[in-house]
Structure formats: C-alpha cells, structure tokens
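Undergrad: Be aware that the sequence shown starts at 16, since it is given in this note's numbering, and climbs by one per residue. Let me give you the structure first, and then I'll get to my questions.
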Amino acid sequence: MDLHETAASRLVAHGQRYTGNRRVIVQLLEGSDVPLSVPEVRDADPELPQSSVYRNLSVLEEAGVVRRIVAGGDFARYELAEDLTEHHHHLICSSCGSVEDFTVPASLERSLGRAMAQMEGERGFAATTHRLDLMGSCESCQ
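This is the structure we're talking about:
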C-alpha cells in the first residue's frame, strides 16, 4: 500500500478523513530529510493556516501517521511514523532544538535488540519498538 493510502486508511480507522491539508502535510514530511517544526511546515507551504497545521498534526499523530519528537527549543518536531519510513534514531540538540536522523549498523541494532529483550524478560514488559535519542549539542552550538 502506498503512503497516502495507508494514511487515509489509518485516519478512517480513527473516524477522520484524509483532507487536502493533511495530504499536504504528509507530503511535506515525506519530502523532508529531517523532522519539521510547525513553523517549518508553514514556511514550506504558507497557504496552510497555522491553527490547521497544529490541529492536523495532532490528528495525524493520533492516527499513527506521524510521530512527534520533543526536542529542545520552542517547538516539537514531526516526522512520518517509523513504520511508514525506516527504523532510525535521532541526534537532538538541547540548545537549538535541531533534530537529525541517524541509523546504526545492523550489528549494533541487533545488540540493542538483545539487550532490550533481556530487559523485557527481567521486567515482564513487552516492547513493540524502541527509540534511541541522543541529547547533546550540535556542531553549530558547540
């Protein structure tokens, strides 16, 4: 199923429609190399009303189409849900709030999976996925 069909399906399952503004937001997130803040979404398409962007991102998040990343700075950032893209992690600058995606080698990802499986067994917890966000200072803020 393509991205827009999946988004529409998830929204319908949550009693929502895949409106034109929601489609534009999904397309902007799909075309971005980094998670976007609301102002960045608006800058990319000034025709989108700011209140609509906030409301639609919230609906898209509830439906599992987008994921909110809380970063430093004034704004959260948004990206497509990981199951719609690829498994990755984030470098988050606690000074400026920038967020950069990164992937780790498959061998490290397997090691993380084993360590988490051990923790799950010890704690009686059943994880469905994991996130690794490294907080610190980006090159520009150092």
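Even for Gly, the Cβ is constructed at its ideal location relative to N, Cα and C.
1. Looking at the secondary structure, which residues open and close the beta strand (DSSP E) in which R82 lies?
2. Does the segment 62-79 come close enough to the segment 114-124 to have 3 or more Cβ pairs within less than 8 Å?
3. Tell me the DSSP bridge mates of M150?
4. Put D60 into one of helix, strand or coil per three-state DSSP.
5. Here's the rule: buried if 16 or more other CB atoms are within 10 angstroms of the residue's CB, otherwise exposed. What is P54?
6. If C108 sits next to G151, beta carbons under 8 Å apart, how far is it from one beta carbon to the other, in whole angstroms?
7. Rounded to a whole number of angstroms, what is the C-alpha to C-alpha distance between A91 and S67?
8. Using only the alpha-carbon positions, how far apart do R70 and R37 sit?
9. According to the neighbour-count rule (16 or more other Cβ atoms, all chains shown, within 10 Å of its Cβ), is R82 buried or exposed?
TA: In terms of the structure at hand:
1. Its beta strand (DSSP E) spans residues V81 to I84.
2. No, because fewer than three Cβ pairs between the segment 62-79 and the segment 114-124 fall closer than 8 Å, the two stretches do not touch.
3. Beta-bridge pairing links M150 to I107.
4. Note: D60 maps to coil in three-state DSSP.
5. It counts as exposed.
6. Going by Cβ atoms, the distance from C108 to G151 rounds to 7 Å, so yes, they are a contact pair.
7. A91 and S67 have their C-alpha atoms roughly 16 Å apart.
8. Take the alpha-carbon of R70 and the one of R37: they are about 10 Å apart.
9. Sixteen is the threshold: when 16 or more other Cβ atoms of the shown chains lie within 10 Å of the Cβ of R82, as they do, the residue is buried.
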